[in-house]
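FYI, our numbering numbers position 241 of the sequence shown as 241, with every residue one higher than the one before it.
Ideal placement from N, C-alpha and C gives every residue a C-beta, glycine not left out.
Structure first, then comments.
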Amino acid sequence: MNQNFAQNEMIDLWKEAIPNSRISDEQERVEVDEIVRISRVQKPTLEIFLPAKRAASGRAIIICPGGGYTYLSYDWEGTDIAKWFNGIGVAAFVLKYRLPDSKSVKTSYEAPLQDAQRAIRIVRSRAEEWHIDPNKIGVIGFSAGGHLACTLGTQFATPNNFKETSLDSLSARPDFMALIYPVITMKSDYTHKGSQRSLLGMSPDKRLIDQYSNEIQVTSYTPPTFIVHAQDDDVVPVENSIRFYKALKENKVPAEMHLYPSGGHGYALAINQDHLNTWPERLREWLQNL
Numbered sequence: 001m002n003q004n005f006a007q008n009e010m011i012d013l014w015k016e017a018i019p020n021s022r023i024s025d026e027q028e029r030v031e032v033d034e035i036v037r038i039s040r041v042q043k044p045t046l047e048i049f050l051p052a053k054r055a056a057s058g059r060a061i062i063i064c065p066g067g068g069y070t071y072l073s074y075d076w077e078g079t080d081i082a083k084w085f086n087g088i089g090v091a092a093f094v095l096k097y098r099l100p101d102s103k104s105v106k107t108s109y110e111a112p113l114q115d116a117q118r119a120i121r122i123v124r125s126r127a128e129e130w131h132i133d134p135n136k137i138g139v140i141g142f143s144a145g146g147h148l149a150c151t152l153g154t155q156f157a158t159p160n161n162f163k164e165t166s167l168d169s170l171s172a173r174p175d176f177m178a179l180i181y182p183v184i185t186m187k188s189d190y191t192h193k194g195s196q197r198s199l200l201g202m203s204p205d206k207r208l209i210d211q212y213s214n215e216i217q218v219t220s221y222t223p224p225t226f227i228v229h230a231q232d233d234d235v236v237p238v239e240n241s242i243r244f245y246k247a248l249k250e251n252k253v254p255a256e257m258h259l260y261p262s263g264g265h266g267y268a269l270a271i272n273q274d275h276l277n278t279w280p281e282r283l284r285e286w287l288q289n290l
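Take a look at the structure:
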């Protein structure tokens, strides 16, 4: 990890052996251009951003940056978002999760969810230390990170296939979920092909496609959800969010969705983007009313 942009405490997700991993000659890569991109993640981590104690609301959120499951937009959809959450009193944790195209991962599609489950369990286990209500821990994801966030929100109870510790007995269910221009489906009509290919491979079978098409994994136990998408998104079609919202409604899960007429894809906080930049304020209002 490049310490030039790691200003906060960073903790490893796995103190014991990282599950579903193997030794390889691959090296983690950090590219700093207009944004910080991290690829070939070798050691998944959480970077901790805590608000001032007098402002703390007791809420916390795990942040899953996007990048098509091939890299992480670590500042643009990660640390910048964490600072915004701190500004409204929410403790934030940026998840540097393993990417499925890494040579160090055994089973590609299992690794991101394993890391997300572990992340929320760590935060829940240390809630008192970080002045967090253990029943107010959510997840937010952008683009492919939105797919990971909603996989956690719909499949949080996926059993572990590795040697468990006491930490793994804690619930991995988020208490709320925010999905920003998310990839939802792996079905060929509306999926983001790059994310599908990275997560499931070139020719995935129907079982895997269904398993990771989260619009068909929604149940009444899926947490309350906030969704944002632009209708002119030509990378991840807006139908991803519409399908997920419909599934939430059918299962009587409280949900709020904001569809903007324009904005494209990958706008993060949408600073200087006119009406689109109001979406964080809508999220703040929604959180206050949970």
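With contacts defined by Cβ atoms closer than 8 Å, S21 and K106 form a contacting pair.
Residue state for A91 is assigned as strand, using DSSP reduced to three classes.
Apart from the 5 residues on each side of it in sequence, P254 sits with its Cβ closer than 6 Å to the Cβ of P224 in its chain, given in chain order. Annotation: H258 is outside any alpha helix (DSSP H); the continuous beta strand (DSSP E) that includes it extends over 255–260. By the neighbour-count definition (other C-beta atoms within 10 Å, threshold 16), S169 is an exposed residue. Annotation: I209 is outside any beta strand (DSSP E); the continuous alpha helix (DSSP H) that includes it extends over 206–211. If you draw a straight line from the Cα of N272 to the Cα of A17, it comes to about 44 Å.
For Q155, the CB contacts under 7 Å within the same chain, skipping 5 residues up- and downstream, are L113, Q217 in chain order. Bounds of any beta strand (DSSP E) do not take in G146; it lies within the alpha helix (DSSP H) bounded by 144–155.
Residue pairing by DSSP places S188 opposite no residue, since no beta bridge is assigned to it.
Counting every other CB atom within 10 Å of its CB across the protein chains shown gives T151 a total of 16 or more, marking it as buried.
Between the C-alpha atoms of S73 and V32 there is a straight-line separation of about 10 Å. Under a 10 Å Cβ-count criterion, M186 is classified as buried, with 16 or more other Cβ atoms of the shown protein chains found around its own Cβ. Under DSSP, S21 forms a beta bridge with V105.
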